Structure formats: C-alpha cells, structure tokens
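Colleague:
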Amino acid sequence: MKKNEEVTVTIEDLTYEGLGVGKVDGYPLFIENALIGEEVKVLVMKVGKSFGYAKVVERLTTSPDRVPLTDRVGIRIGTMPLQHMSYNSQLVFKKKQVAQVMKSIAHMPEVPVFDTLGMTNPWGYRNKAQVPVRAIAGELQTGFFRKNSHNMVAVENFHIQDPEIDKAIVAIRDIMREYGVKPYNEKKNIGNLRNIIVRRGYHSGEMMVVLVTRTAKLFPLSKIIPDILEKVPGVVSIIQNVQPFRTNVIMGKETIVLHGEDKFTDQLMGLDFHISSRSFYQVNPVQTEVLYQTAIDAAGLTGEETVIDAYCGIGTLSLALAQNAKEVYAMEIISDAIEMANENKALNNITNAHFKVGAAEEVMPRWKEEGLQADVIVVDPPRKGLEKEFIEAAAAVEPSRIVYVSCNPATMARDLALFAELGYVTKSVQPVDMFPQTTHVESVALLEKA
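Structure (structure tokens):
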C-alpha cells in the first residue's frame, strides 16, 4: 500500500470516530464520510505500519442509511461528523459503541444495552457556543478551526446550535467590525478579541455573552455594550474574560462584569438554576431532562433514600434527585460551583440537599467515617472517569445501588469492571444521545450490590 494509490474497497465497519473501515489484503484504511456496505474508490492519503487513511474519490454503491449532507463545512471542521448518516442509524451506531466497550473493556457481554434514547428534532440543540475570532483576508471573522489545524473557517450557521445563538454571534461580530476591534493572532500573540461565548436558556430565553480578550482593554465599551443590548434580544449578562496567555485554554482567571451580573437563569426538571460564565451546564437541555430522568428512574427512589451525588457541579442533578429522595449529599472540587449549587438550592426552597467542596475520592471516606449511610450513589464524572480511590470508597459505603452517568463509554466500562471486583453487578446500560450529528454518546449504567 502506497500513498496516492487509488484502490476500491467495501466498508466493513465504523470506528468510534465514525470513520469507515475498508481493507486491502487485510490492511485497514480509515475513510471519512463512508458507511457500512458501501463500495468506494478511495485515494490513499497516509500510510502507517498497521493502518492508513484514505478519502473517497467515487462512491460506487450507496448505503440506505446515507442522507444528504446538511452542510459540508460541518465535516471539514468536525462539528457534525455523522451528518451523512440517517438519525436512526446514528442511534444504532451509538448503541453499538457502548455494547462494544461493555464486551471488550468491561468484559460483560451479557449486560443489556438498551436502544439509544434520541431526539425528535436532532438539530439546533446546543445552548452554548464558544467560537474563535480571527482575521481572514484582513477582516474580523467568527467560525471554527479546520480539523487538526488552527486555520479558521468562517461559519455563520452551525446547524447544531440554538439558531438564536448563531444570530447573536453574527450580530456581535458585526458590532466588533464596526468599531475596529482587533481579532487575536495566535502566532504573533497580538490583537485582542480571542473568542465570543454565547449561552442561552432554553426555557428562559435569557442570554449571556462572554467576550474573551487578550488584555483588559476593550474599546469602545461605551458603544459596544449598548449595541449588543440593542441588537441581541434576551441578553441579561455581558462578561469580559481576560486570557493573556498563548494557550488553547479558552478562559483566563480574570472576569469583568460589563452588564448585569455574572449569571443567567434557566429551568431544568421544573427547577430554576442560576448559571455563571464558568459554570458547567449540560449543552443539550432537551436531552438533559431525558438523561436525568433516566438516572432518577435507575436509582429507584421512593422518597425514603439517602443519596450521594458525586461531581455535582452547580447542583442540577442533585436538586432533581432531592425532589425524589429523603436526603441528598453532594460534592464537587470546584468551590465556585458549590457556591452556585447552594444558591440554586435556596432559589428552589430545597432543604434536603447538602453540598460540600472537595475531591470525591477524599470526601467520600470522610463521610463514611462520620457515619453517613447512603442507599444510592450517583456519579457523573468527567471523561477520564473515576479515580480508583473513589470506586473503593464508594463500595465501602455499601449502597444498594450505584447509578453511573457517563460521557465516555470506554472509561465507564473500565470503571464498571472495577466495581464488579468489589461486589457490584452491572444490571443494564442505557445510552442517551446528547450530541446528535456527532460521535459522542452519554450512558446511564445501573449497578446493584451482589
């Protein structure tokens, strides 16, 4: 196999990244925008010892799961890598992802993996946008980086974002152009406006705008702020965040409130939540309620249980659990998040939720020493999954059920295997599609004490 060689292959499988897999004499080629069963003529782009990459030159047969592209740019920038698949086939693909790791990593092929819970309308769902600001042909532009590069592609419609957010970004872009604001140049570390972040409450319609700048200077603020308020409906908060370092980390440590307060309000599971510029808040509000209800149902709450919620953030799931449990004890390592969780607790007049700052693997043993007995533990960790120390501490509390909410099937499967060694049997896994048109999938696993 050589680079620039043209070959014809039949797509046999899809990778976790949604790439088609075709083989030439047993040598696998990974191919973008190709579906199982399709026969394609491809140009080999890159060759390695074990596998290579190729691109489609001609599609000789077409899968019945293929649909027309909504926007080819979404493939170039990686925001919609599955948009060529029918939505039902996306849901099947995501179930297969979860089932495969349950077999290969957790070594639990017998555990039921249910059909993926999808959306009625799998478009325009994201309630948060973080878009870079750069100069293209000498003009300030907003958009996204081409895959595997820092070359920005100008984009006005992301298709998977709330359309009102897309409109807001274009309006803010035009305001910045009008007043000659200099876009950031990361190679030279000059210019000022680095990113525009827009967050919008799905139920409330309230909008927060965050302008990420290289320096604290942003001129002319006296004109920029009134223009944003006039041209972007629903804005209740405008924040400037200063990120002076040459880094991929979007936000810096310094935050300046330019209008309103550093928060906006939205509703979730019938509760009100204040969300700050730094708060983690699930980006798909419709599916978040599906995900949370799935977790609550798995927990089997009757109103008499004591629940521990690890990695609680600003308390969204904790307070939803509190409506169905006797007491909820929750922890989070980020102190600002716990401060906002307590604010949200008061906002909703909830008295049976208790929040603690600290690492889950450190707080859990302390609670056990203090005599806290939990009937159910709910975990919703970051992509890296759980620390082994936390798994051991959670098992030591001896809850009857553990509900594992995961954004990474592979680390979830790894952790379920560790729980199994400590006497917790995985009963089922429910995939939930939080990110249509992408390869990501969330899951809710139910574990019971053997």
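Residue numbers for the sequence shown, in my numbering: 461 to 910. The beta carbon of each residue, even a glycine, is placed where N, CA and C say it ideally should be. The structure presented is a predicted model; accordingly, all values stated were derived computationally and were not measured.
Return the first residue and the last residue of the beta strand (DSSP E) that residue 470 is part of.
Modeller: As a position in the sequence shown, residue 470 is number 10, starting the count at 1. From DSSP, the beta strand (DSSP E) with residue 470 extends over 466 to 474.
Colleague: To the nearest angstrom, report how far apart residue 765 and residue 544 are at their CA atoms.
Modeller: Taking the first residue of the sequence shown as 1, we reach residue 765 at position 305. Taking the first residue of the sequence shown as 1, we reach residue 544 at position 84. About 45 angstroms.
Colleague: Between the C-alpha atoms of residue 605 and residue 613, what's the straight-line distance to the nearest angstrom?
Modeller: Here residue 605 refers to the residue found at position 145 of the sequence shown. Here residue 613 refers to the residue found at position 153 of the sequence shown. So the alpha carbons of these two residues sit roughly 6 angstroms apart.
Colleague: Should residue 635 be labelled buried (16 or more other beta-carbon atoms within 10 Å of its own) or exposed?
Modeller: Here residue 635 refers to the residue found at position 175 when the sequence shown is read from its first residue. The residue in question, residue 635, is buried, as its Cβ has 16 or more Cβ neighbours within 10 Å.
Colleague: Does residue 549 come out as helix, strand or coil in the three-state DSSP assignment?
Modeller: The residue you call residue 549 lines up with position 89 of the sequence shown. In the structure shown, residue 549 sits in a helix (DSSP, three-state: H, G or I).
Colleague: Let me see if you follow: with CB-CB separation under 8 angstroms, is residue 587 close to chain C or not?
Modeller: Of the protein chains in this structure there is only one, and it is not chain C.
Colleague: Mind checking residue 706: buried by the 16 CB within 10 Å criterion, or exposed?
Modeller: As a working note, residue 706 is residue 246 in the sequence shown. That one is exposed.
Colleague: In the DSSP assignment, find the unbroken alpha helix (DSSP H) run with residue 887 in it and report its ends.
Modeller: Position 427 of the sequence shown, counted from the first residue, corresponds to residue 887. No alpha helix (DSSP H) contains residue 887, which is instead part of the beta strand (DSSP E) from 884 to 892.
Colleague: Assuming residue 863 contacts residue 758 under a Cβ cut-off of 8 angstroms, what Cβ separation, rounded to an integer in Å, is found between them?
Modeller: Counted from its first residue, the sequence shown places residue 863 at position 403. Counted from its first residue, the sequence shown places residue 758 at position 298. Contact holds; Cβ gap of about 5 angstroms.
Colleague: Compare the C-alpha of residue 701 against each of 907, 658, 814, 768 and name the closest.
Modeller: Translated into the one-based positions of the sequence shown, residue 701 becomes position 241. That would be 658, whose Cα lies nearest to the Cα of residue 701.
Colleague: Does the Cβ-Cβ distance between residue 535 and residue 493 come in under 8 angstroms?
Modeller: Here residue 535 refers to the residue found at position 75 of the sequence shown. Here residue 493 refers to the residue found at position 33 of the sequence shown. Taking 8 angstroms as the cut-off, the Cβ atoms of residue 535 and residue 493 count as close.
Colleague: Cα-Cα, which of 893, 894, 869 is closest to residue 565?
Modeller: Position 105 of the sequence shown, counting from 1, holds the residue named residue 565. Of the listed residues, the one whose Cα sits closest to residue 565 is 869.
Colleague: Is residue 887 buried or exposed, if buried means 16 or more other CB atoms sit within 10 Å of its CB?
Modeller: As a first step, residue 887 must be located in the sequence shown, where it is residue number 427. The residue in question, residue 887, is exposed, as its Cβ has fewer than 16 Cβ neighbours within 10 Å.
Colleague: Return helix, strand or coil for residue 639, following the three-state DSSP convention.
Modeller: By 1-based counting over the sequence shown, the position of residue 639 is 179. In the structure shown, residue 639 sits in coil (DSSP, three-state: anything other than H, G, I, E or B).
Colleague: Could you tell me which whole alpha helix (DSSP H) segments of length 4 or greater appear in the region 594 to 671?
Modeller: 623 to 638
Colleague: Grouping DSSP H, G and I as helix and E and B as strand, with all else coil, what is residue 534?
Modeller: The residue labelled residue 534 in the question sits at position 74 within the sequence shown. If DSSP states are grouped into helix, strand and coil, residue 534 belongs with the helices.
Colleague: Alpha carbon to alpha carbon, what distance is there between residue 683 and residue 872?
Modeller: In the sequence shown, residue 872 corresponds to position 412, counting from 1. In the sequence shown, residue 683 corresponds to position 223, counting from 1. Approximately 49 angstroms, taken between the alpha carbons.
Colleague: Pull up the distance between the alpha-carbon of residue 468 and that of residue 654, whole angstroms please.
Modeller: On the sequence shown, residue 468 is found 8 positions in, with the first residue counted as 1. On the sequence shown, residue 654 is found 194 positions in, with the first residue counted as 1. C-alpha separation (whole angstroms): 44 angstroms.
Colleague: Cα separation between residue 649 and residue 677?
Modeller: Start at 1 with the first residue of the sequence shown, and residue 649 comes out as number 189. Start at 1 with the first residue of the sequence shown, and residue 677 comes out as number 217. One C-alpha to the other measures close to 15 angstroms.
Colleague: Return the CA-CA distance between residue 769 and residue 695, expressed in angstroms with no decimal places.
Modeller: Here residue 769 refers to the residue found at position 309 when the sequence shown is read from its first residue. Here residue 695 refers to the residue found at position 235 when the sequence shown is read from its first residue. Going by the C-alpha atoms only, they are around 32 angstroms apart.
Colleague: For the alpha helix (DSSP H) that contains residue 871, what are its first and last residues?
Modeller: Counting from one through the sequence shown, the residue named residue 871 turns up at place 411. Per DSSP, residue 871 belongs to the alpha helix (DSSP H) from 869 to 881.
Colleague: For residue 778, I'd like the list of residues in its chain whose CB is within less than 8 angstroms of its CB, leaving aside the five on either flank, ordered along the chain.
Modeller: As a first step, residue 778 is located in the sequence shown; it is residue number 318 there, counting from the start. Shown here for residue 778: same chain residues with a beta carbon closer than 8 angstroms to its own, the five before and five after excluded, namely 769, 772, 788, 790, 801, 813, 815 in chain order.
Colleague: Can you tell me where the beta strand (DSSP E) holding residue 866 begins and where it ends?
Modeller: The residue you call residue 866 lines up with position 406 of the sequence shown. Segment 861 to 866, the beta strand (DSSP E) holding residue 866.
Colleague: In this structure, does DSSP put residue 753 in helix, strand or coil?
Modeller: Position 293 of the sequence shown, counting from 1, holds the residue named residue 753. Of the three classes helix, strand and coil, the one that applies to residue 753 here is helix, per DSSP.
Colleague: Give the single residue among 660, 643, 662 whose Cα lies nearest to the Cα of residue 674.
Modeller: If you number the sequence shown from 1, residue 674 lands on position 214. Cα-wise, what sits closest to residue 674 is 643.
Colleague: Rounded to a whole number of angstroms, what is the C-alpha to C-alpha distance between residue 907 and residue 647?
Modeller: Taking the sequence shown and counting its residues from 1, the one referred to as residue 907 is at position 447. Taking the sequence shown and counting its residues from 1, the one referred to as residue 647 is at position 187. Answer to the nearest angstrom: the Cα atoms are 49 angstroms apart.
Colleague: Going along the chain, which unbroken runs of the beta strand (DSSP E) with 3 or more residues stay wholly within the region 695 to 723?
Modeller: 695 to 702, 714 to 719
Colleague: Compute the beta-carbon to beta-carbon distance between residue 472 and residue 486, rounded to the nearest angstrom, for a pair I have assumed lies under 8 angstroms.
Modeller: Here residue 472 corresponds to residue number 12 of the sequence shown, with the count starting at 1. Here residue 486 corresponds to residue number 26 of the sequence shown, with the count starting at 1. 11 angstroms between Cβ atoms; not a contact.
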